[in-house]
Every structure is written in C-alpha cells, then in structure tokens.
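Participant: Handing you a structure now.
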Amino acid sequence: MSSSRAVLMQGNEACAEAALAAGLKFFAGYPITPSSEIAEILAERLPQEGGKFIQMEDEIASMAAVIGASLAGLKAMTATSGPGFSLKQENIGYAAMAEVPCVIVDSQRVGPSTGMPTSPAQGDVMQARWGTHGDHPIVVLSPASVRETYELTIEAFNIAEALRIPVILLLDEVVSHMRERIEIPAPGSYQIINRKKPEVPPRDYLPYQATEEDDVPAMAAFGDGYRFHVTGLVHDATGFPTEDRREARFLLHRLVNKVQRRRDQLAYFQTETVEDAEVVVVAFGSVGRSALRAVRQARAAGMKVGLFRPKTIWPFPEKAFRAAIARARAVLVAEMNLGQLILEVERLVAGRATVHGLHRLDGDLITPQEILKRIEEV
Amino acid sequence: MSELVKSHLRVNHMPHILCPGCGHGIIMGAVIRALDRLEIDPDKTMIVSGIGCSSRVPGYMDYNTLHTTHGRALAFATGIKLARPELKVIVLAGDGDIAAIGGNHLIHAARRNIGISTVVFNNSIYGMTSGQYSPLTPKAALATTAPYGNVDRSFDLCHLAQGAGATYVARSTTYHIHLLIDLLTKAFSKNGFSFVEVFSQCPTYYGRRNRIGSAVDMMKDYKERAITVEAARKLSPAELEGKIVIGEFLDIELPEYTAEYQKVVERAMAKKAGR
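Protein chains in written order, with this note's numbering: chain A, 123 to 500; chain B, 370 to 644.
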C-alpha cells in the first residue's frame, strides 16, 4: 500500500481525483463554468484507468448517459453548474425512481439564468433538494475546502452505491477553483462501497425486491445475464409498471425512507465551541470558512459564540443541530443567497431561539468581518 | 402469434396497452424476427425506449429493456453502449420522441456513428397523449392540436439521419413486412449507427380523424403510396408528393465510436505507463 502524499490541488481537481479513487469508470458532461476542469481532467485521466469519458450534446444527454452507464455496471458521474443543473433535473428524478446510483456535481454560480458564471453563490440549496418533480430521495453534500472536497466526493459515491440514489455534491465557484495543499489519502485508508449484487440465479432475480427493513434491492448490471426491465413509471418488485395503489404506496414511501431512516448516519457536520454558545452561526461551503474565523474572533473578544457547519445539507443533520443550539438564544444563518437554508434552520429551531439571516448575493464572498458584525448585532 | 415471436416475449405481462389495429406490434414482431435471424443472444441485447406508445413495446420483449424519459432514449443508450460496447443496443422510438423532443440526440448519435440501431415507429401522431400533431404529421393533416389542418412542414427523417452521419438508413411500412424484416436484419448487423423508419398505422387517433379508415385501410394506403428508392430516383419532387419512399437509402462503413474510443483508452494507458 502506498502512503499518503502532499500536493497543491484545486477543488475541481480534488473532486476528479477522488472520484477516480472511489472507482469512477464513466463520466459524461457538457462544458460549463465553473465546473469544466472536472470534465477536462477526467477526459485525460479516465481512459488511463480503463474508464470512459464522453462530452455529450447537452446537459440532459449527459445525465441520461450517466444513468445508462451506471445501469450497465459502471460507477458514473457528471459535473455542471446552475443552468446545467436545471436541465438535468428530470433525469435526476429518473435516477431516484429507477434507483440508479450516480453522482452529480453542481459548482454553484450566481443565478438565476446565466447570472454571473465566474462568481460564487449558494442559490441551489433548494434546487438540489427539490429540483426534480415529485417526492424523491436525495442526499446533498457540500465541502468547504479542497481536502474536504476529496473526502466528500468519495463519500458521495459510497452513499450513491449503498442506497442506489443520486447524490449531489454541491460545490461553489470558490471551492471549485481555490488551490490548497492537501494530503491525498493512501488507497486503502478509506472505505469504498460498491452496489450490492444479486446472489440469486437470473431466473429468480426480481430487480426491485425489497422490504421496509431490507430496503435497497440488489442491482444486476445490464448484460450480466439478468434480463430485467427498468422504467421511470411506478413499478412493483418485478420492475414492470403497475397501477396498484398498495404497490405505488410501498415503492414511493420506500424510496424516500431509504434516506429518511438513515438521516443520522448521513449527518456530516463540523461544530466549533457550541457547548456553551449563546449565539450559533450556521454556514456551509466557502462561507463556512469565513464563519469559522468570525466565530474564533468573537470568542477571542469574550463572546459565547459557536459554529454549526453542515457538510450534509440534505437531509439536514437535524439531531446534531438541535444539540448544537441547546443553549443558544440566537441562531445566525450566513449564506450566499437571499434565504434558503435559513428556512430549514427556522423549521428546526421552531421558536426556541431567534433566527437571523446574513444573506449576500452580488458575486462576492461573505467576509468574516460581515459575520462578526452580525454576531455583535444579534 | 408465431411460436418464434412468442418465445421472445414476456407473455405474462400481456395483455398489452396498444389499441386494436395499431401497427406497433407488427414492427415488434419484425424486430424479434430480425434478431432471431442473426442469432443474437438476448442476454447481450439491450433495448432502450423513451416515452410514448412505441416506447412501451420493449416492456413486452424478453431482452434487457430500459424505458427512459421522453426523447432521451438515445442518450441513455449512448451511456450503455460506451460502458459495454459488446452489447447489441437497439432504440425503439416514436416519431414525436425521436424527431421533436429527442431530435438533438438523434443528430449527435448519428454524427458519432455509435453502434446503436434506431427503429422509428412513425405513426405521424402523438398517440399516448391522444392525437396531437408531431414533426412527422403531414402538412394539412388533422390533429387535436391542428383542428384546421397542420401548418408545420414535416421532417424527412431518413434524409436527416443520412445528413447527420448515420451509416445505414432505410425505410419501410407495416404493410411491407418482408422488406421490413430484411432491412432490420441489415441494420442490426451493422457496426455503426443504423436507422430504420417504419410507417405504422394509428387507426385510433390518426386514421379516424383524417378519414383514412380502419387499420386495414391505412395499410392499403401504405401499399398504394409506397415507391422504391430506385423508382423514386427517376421522379421529380412534384411527382414524389405524397409517396412513401421505401428501401435502403444508405449503406456504408465508417469507424464506429466505441471502437474509436477504445483506441483512446489504449493510447492513454500507454502514455501513463510511459511507453
């Protein structure tokens, strides 16, 4: 086993390298700022590892090709930004319904529409959760550093493969493009999860056989001798469409519950001095870094302030967050949008503390000074 | 139903959803006969569809089958073919699916010459949503969304596929069944992107509204309007008005996409190894 090595790396590069480390074998994408480096790096790196890269004719086709490749047995990913993320949504819903593991990277830029392509924002919090129609399972992870991008990319694949769901890796322009020195962990030092394969012979295989407890069906690959059917229609254990209400209810509840019942296991977060905090700052992604500095400065000035930085945005780390605000009288949410994550925070605080927002949407980062000033105000 | 066709069907999932008289079952039977003629292993055959009446057909076929989103079958199929080039990948699509919402994917799959065979069930109407006009509805024909007659010009999909880079292009109708099986056999034996358009009667929504009559009347109409590619070459555009040109438009060999990409993999691996 080789040991870890230190390198200077960009966020997008860390994402691409971590995807390869996680077992990525297929990437389909379409050029878009600020995610394009991921495609460029994988165009070079994937074939070196025997994998496949394709630049598709549009964002919709990229998402479709990723799902096709995953059904054919390969770990698959795409990367995009706001406008492309909007276009991918229908097929992300297909992946949720047909239970096709895949990872979608969204490097957020200022929107709506073409917005500011080279400037960071965090306006896709709700689109990442509710972008496709209908109730559906989704997990959204958001790193704050290059090192964390590496770790969470591997985790995104592990969750996608374990639960057979689409997982969104929510970057922003700053995290995508900043360069930091990171230690690349040695292969074998982290866990790699692969989808569960059927253990029954083809004639006994039911592609969507599951119970409420054993709720992730075993997944055969097309071409392995298990001839089966996959559809985006509501289906039963055989994979064929059904109009039966009981079957529909079982399927639709099971899909959502795959994530809901594991929400504590999926809860990744960082806390800083929350134990006695009267004010808790909530921030994620690149804003999480400004928030950490502001909280440390506030502490140095004698204020009882803490930080809750979710790395898992959806499902929001509910239990951990409630514990973090146990003594808080005020919660401050800092985000580069006009108020998205704050809605979930308000729901969880439920009147036990006052909730305040610090929202900036002009293409610039929120600075530690701005956060410190708001801490003093609340 | 013939025993041969039946042996490749998932009869336990019947009765099917198609209307009485619909031409789609004839095309499905022809696809199965062509695959059988080529002795292609069903385990190594992938049939992909989008959304629409014809896109429900793969569900009844005992192969690897994938029913995707509207218009996107070729994009899903591209992912599968690139992931597993050894599979025989076939897309079954309706005219609305492939020519309207999925038109861009058709152009680019043909341009790449990726090893996918596309069979278009052209009933000239959106049947699943009950009779709106499609890009293949003839000008002046009636549809629920063209109550005064269709204003749009219709596509010649075979010319489109040819112009976009397909290496095999052909057309038949549900009446010309033996020709259809021959053309499909040829299409499925090609390495690159092959394309077969098939006129398929929709008595429920197209035939009735346009007063063509029953399914049999519609097939007779195909018989009367059909003209071979060879005969059509001698006619002027005015003389070809209203005709259905059937037969092979193109049959050439060009490098296939996944085989070309495999060379990229070999080059990249050699470069990494420092050779």
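Don't be surprised by glycine CBs; every beta carbon is placed ideally from N, CA and C.
1) Closest to residue 473 of chain B by CA distance: which of B:459, B:443 and B:463 is it?
2) Tell me, please, which residues DSSP counts as bridged to residue 238 of chain A.
3) Using a Cβ cut-off of 8 Å (strictly closer), state whether residue 195 of chain A contacts chain B.
4) Indicate whether at least one CB of chain D lies closer than 8 Å to the CB of residue 555 of chain B.
5) Take the Cβ of residue 585 of chain B as the centre, count every other Cβ of all protein chains shown within 10 Å, and call the residue buried at 16 or more, exposed below.
6) Residue 526 of chain B touches chain A at which residues, Cβ-Cβ below 9 Å?
7) Flag this pair as yes or no: are the beta carbons of residue 609 of chain B and residue 536 of chain B separated by less than 8 Å?
8) Quick one: is residue 449 of chain B near chain A, going by C-beta distance under 8 Å?
9) Might you give, ordered along the chain, the residues of its own chain that have their beta carbon closer than 6 Å to the beta carbon of residue 495 of chain B, omitting 5 neighbours on each side?
10) Across the stretch 540–556 of chain B and the stretch 394–405 of chain B, are there enough close Cβ pairs to call them in contact, namely three or more that are closer than 8 Å?
11) Going along chain A, which residues have a C-beta under 9 Å from residue 630 of chain B?
12) Is there a Cβ from chain B that is less than 8 Å from the Cβ of residue 123 of chain A?
13) In three-state DSSP terms, what is residue 520 of chain A?
14) Starting from the C-beta of residue 278 of chain A, find all residues in its chain whose C-beta is less than 7 Å away, skip the five residues before and the five after it, and write them out in chain order.
15) Hey, could you find the ends of the alpha helix (DSSP H) residue 609 of chain B is sitting in?
16) For the stretch 159–243 of chain A, list the beta strand (DSSP E) runs that are entirely contained and at least 3 residues long, ordered along the chain.
17) Hey, how far is the Cα of residue 605 of chain B from the Cα of residue 483 of chain B?
18) Looking at the C-beta of residue 353 of chain A, does it have a partner C-beta in chain B at a distance below 8 Å?
19) Among the residues of its own chain, which have a CB less than 7 Å from the CB of residue 344 of chain A, if the five just before and after it don't count?
20) For the beta strand (DSSP E) that contains residue 305 of chain A, what are its first and last residues?
21) Give the single residue among A:432, A:269, A:372 and A:352 whose Cα lies nearest to the Cα of residue 126 of chain A.
22) Should residue 228 of chain A go down as buried or exposed, given a rule of 16 or more other Cβ atoms within 10 Å for buried?
23) Three Cβ pairs or more, each shorter than 8 Å: is that satisfied between the stretch 366–378 of chain A and the stretch 243–250 of chain A?
24) Residue 448 of chain A: beta carbon under 7 Å from a heavy atom of the ligand NAP?
25) Taking one C-beta from the stretch 476–490 of chain B and one from the stretch 557–570 of chain B each time, how about it: are there three or more such pairs within less than 8 Å?
26) Quick one: grab the DSSP three-state call for residue 433 of chain B.
27) Are residue 475 of chain B and residue 531 of chain B close, meaning C-beta to C-beta below 8 Å?
28) Determine, using beta carbons only, whether residue 216 of chain A comes closer than 8 Å to chain B.
29) Quick one, which of A:466, A:221, A:479 and A:220 has its alpha-carbon nearest residue 455 of chain A's?
30) Have a look at the DSSP bridge pairing and note the partners of residue 394 of chain A.
31) When you check each C-beta in the stretch 212–244 of chain A against every C-beta of chain B, which residues fall closer than 9 Å?
32) Give me the Cα-Cα distance between residue 394 of chain A and residue 187 of chain A, rounded to the nearest whole angstrom.
33) What residues match up with residue 539 of chain B in a beta bridge as DSSP calls it?
34) Kindly confirm or deny that the stretch 200–215 of chain A and the stretch 423–435 of chain A touch, where touching means at least three C-beta pairs closer than 8 Å.
35) Closer than 8 Å by C-beta to residue 330 of chain A: which residues in its own chain qualify, once you throw out the five before and the five after it? Chain order, please.
36) Quickly, what does DSSP pair residue 294 of chain A with across the bridge? List them, please.
Facilitator: Walking through what the data contain:
1) With distances taken between Cα atoms, residue 473 of chain B lies closest to B:443.
2) Paired residues: A:232.
3) Interface criterion met: the Cβ of residue 195 of chain A is under 8 Å from a Cβ in chain B.
4) Given the protein chain composition of this structure (A and B), no chain D is represented.
5) It is exposed - the Cβ of residue 585 of chain B has fewer than 16 other Cβ atoms within 10 Å.
6) Ordered by position in chain A, no residue passes the 9 Å Cβ test against residue 526 of chain B, which lies about 18 Å from the chain.
7) Contact check for residue 609 of chain B against residue 536 of chain B fails: the beta carbons are separated by 8 Å or more.
8) Chain A, which has a Cβ nearer than 8 Å to the Cβ of residue 449 of chain B, makes this yes.
9) Same-chain partners within the cutoff: 465, 501 and 503.
10) Touching, yes, given that three or more Cβ pairs across the two stretches are closer than 8 Å.
11) For residue 630 of chain B, the neighbours in chain A by C-beta distance under 9 Å run, in chain order, 169, 174, 175 and 176.
12) With a pLDDT of 46 at residue 123 of chain A, under the threshold of 50, the predicted position of this residue should be treated as unreliable, though the coordinate-derived value follows. Chain B, which has no Cβ nearer than 8 Å to the Cβ of residue 123 of chain A, makes this no.
13) Here chain A comprises residues numbered 123 to 500, so residue 520 of chain A is not present and cannot be evaluated.
14) Result list for residue 278 of chain A: 225, 263, 289 and 291, in chain order.
15) Here the alpha helix (DSSP H) through residue 609 of chain B covers 606–609.
16) Qualifying beta strand (DSSP E) stretches, in chain order: 174–177, 197–202, 224–232 and 238–242.
17) When rounded, the distance between both Cα atoms is 34 Å.
18) Yes, contact with chain B.
19) Closer than 7 Å at Cβ, skipping near neighbours: 193 and 194.
20) Under the DSSP assignment, residue 305 of chain A falls in the beta strand (DSSP E) whose first and last residues are 301–306.
21) Out of A:432, A:269, A:372 and A:352, A:269 has the C-alpha closest to the C-alpha of residue 126 of chain A.
22) With 16 or more neighbouring CB atoms inside 10 Å of its own CB, residue 228 of chain A falls in the buried class.
23) They do not touch, by the three-pair rule.
24) Questions concerning the ligand NAP fall outside what the structure shown contains, since it holds no ligand whatsoever.
25) Yes, since at least three Cβ pairs between the stretch 476–490 of chain B and the stretch 557–570 of chain B fall closer than 8 Å, the two stretches touch.
26) In the structure shown, residue 433 of chain B sits in a strand (DSSP, three-state: E or B).
27) In this structure, residue 475 of chain B keeps its C-beta atom at 8 Å or more from the C-beta atom of residue 531 of chain B.
28) So yes, residue 216 of chain A belongs to the interface.
29) It is A:479 whose Cα lies nearest to the Cα of residue 455 of chain A.
30) Note: residue 394 of chain A sits in a beta bridge opposite A:429.
31) Under the 9 Å Cβ criterion, the stretch 212–244 of chain A contributes 212, 213, 215, 216 and 220.
32) Between residue 394 of chain A and residue 187 of chain A, the C-alpha separation is close to 42 Å.
33) Bridge partners of residue 539 of chain B: B:565 and B:617.
34) Judged by pairs of C-beta atoms under 8 Å, the stretch 200–215 of chain A does not touch the stretch 423–435 of chain A, as fewer than three such pairs exist.
35) When the five nearest sequence neighbours on each side are left out, the beta carbons in the same chain lying within less than 8 Å of the beta carbon of residue 330 of chain A are those of 221, 339, 357, 358, 359, 360, 361 and 373, in order along the chain.
36) According to DSSP, residue 294 of chain A bridges with A:230.
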